[in-house]
Amino acid sequence: MLLHRTLLLCMFFTGCLLAQTLKPEQAIDLMSHGYRENTSSEAPTFIFINNDELAVNLPTTPAKLIYYNLKSGNTTEREQSADLAPFLSTRDGRFIRFISHALVLNDAELHEIVRIDAPFAQRFGARSVRVSPGGTVVALPRDRDIMLLNAVNFDLIDLLPSSEWMSIGDHAALVSEGSDQPEISLKLFGAEPVKLHFDKARCIKQADFLDDDHILISPCGKENRRVADLAGRTLYALEGTEALAFIEPARNGKRFALELRAHSKGKAIAGSIRHAVLPYDQVLHRVYDTDSGNVLIEVRLKQECGACVMFPFSTLSPDGTHLAVLDGGKITIYPVP
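Residue numbers (my numbering): -10 to 326.
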């Protein structure tokens, strides 16, 4: 009996200790930095440049870049001239900004490391430029092909036909043949494509790398999304068929975040001053464990989702332990258990 009580007490105090050591959610008040949600024509874009620091590209006049430190809670504000487009983290505190018709690789102090002309990024949209899950490869669209660049120095790694590209990994790309029911192949950089055969796949709309060993499969119809290995075997299915807007794997490959769009009552919401007709009125942010497919956290917000068609409203830290979500005039940072 004494041992039983001792175990119960240990479990109780351990639970209390764990609850106390979990950091509560944090928030960045964008309104205090001049952002006006009801008058801004663009949404803020933001990324984790490392596990402890969030950078926010704020659409104000003049434009501002805000750094928020999760450990200290301190905010640093800088004026900057980058385009108000999603800017992309690579690794080791570096990130890519869109400046005029170029991609510029910066360090955390905004020092320019390298730049490359990117005239077609404007045509295809800034979100068409992507970074691999591990942050080592940048995919840059051009008129007839896709340039795969080393994220450290923008050196050319490989070229892909623009009509065939589906997803970029750290060592390979997923390419497709056909448009109605595409056949998917794995192309190691510098090598010929090898066709992949996915089980339970009648029609695949999209395939995306989560890391070197996991691929997210999005079916054509209303079937659940699945995660498969490189042999095509289904590892698990994800519940829900909401519209998928953005995917962000953690840099360490252990977790991934999906940003989804949904209807609260099955109807499109009315337009607002800024947006005519908005097809969704809810944004769902989920973080999954990559190995098991378990949902680690879900944030469901009722939002007018006009600008989020082009810009993500959330970002996952490189180690997958924090999820930052835009909620009106603030960004809330949630700890991911």
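Note that CB positions come from ideal geometry on N, CA and C, so glycine has one too.
When secondary structure is reduced to three states using DSSP, S21 falls in the helix class.
Sorting D159, A52, A180, M155 by C-alpha distance to the C-alpha of I173 places M155 at the top.
Each residue's CA atom was taken as its position, placing E31 and V103 some 27 angstroms apart. Around the beta carbon of G62, fewer than 16 other beta carbons sit within 10 angstroms, so the residue counts as exposed. Cβ neighbours of D316 within its own chain (closer than 7 angstroms, five residues either side excluded): L290. As DSSP reads the structure, T64 sits in a beta bridge with Y57. Beta bridge pairing from DSSP links S78 with F84. G242 places its beta carbon less than 8 angstroms from that of T279. In this structure, DSSP gives S174 an extended state, which the three-state scheme calls strand.
Per the C-alpha coordinates, the member of I193, L148, L273, V120 positioned closest to D132 is L148. Under DSSP, D278 takes part in a beta bridge, and its partners are R244. Here L92 is buried: its Cβ has 16 or more other Cβ atoms, across all protein chains shown, within 10 Å.
If you ignore the 5 residues before and after V164, its C-beta comes within less than 7 angstroms of the C-beta of L149, E153, W154, M155, S174, K176, P182, all in its own chain and listed in chain order. In the three-state reduction of the DSSP assignment, S165 falls in the strand class. K189 and A217 have their C-alpha atoms spaced approximately 10 angstroms apart. Under DSSP, V127 forms a beta bridge with V120, L138. The criterion of a C-beta distance shorter than 8 angstroms is satisfied by A16 and K319. Nearest Cα to T50 within the set N40, T34, E287, Y24: Y24. Within the DSSP secondary-structure output, N46 pairs in a beta bridge with T34, L54. An exposed status is given to K211, since fewer than 16 other beta-carbon atoms sit within 10 Å of its beta-carbon.
Across the structure, M20 and P33 are spaced so that their CA atoms are roughly 12 angstroms apart.
With contacts defined by Cβ atoms closer than 8 angstroms, I88 and L94 do not form a contacting pair. Shown here, P150 sits in a strand according to DSSP, grouped into three states. The three-state secondary structure of P108, taken from DSSP, is helix.
Its chain contains E172 as the residues whose beta carbon lies nearer than 6 angstroms to that of E166, once the 5 sequence neighbours on both sides are disregarded; these appear in chain order.
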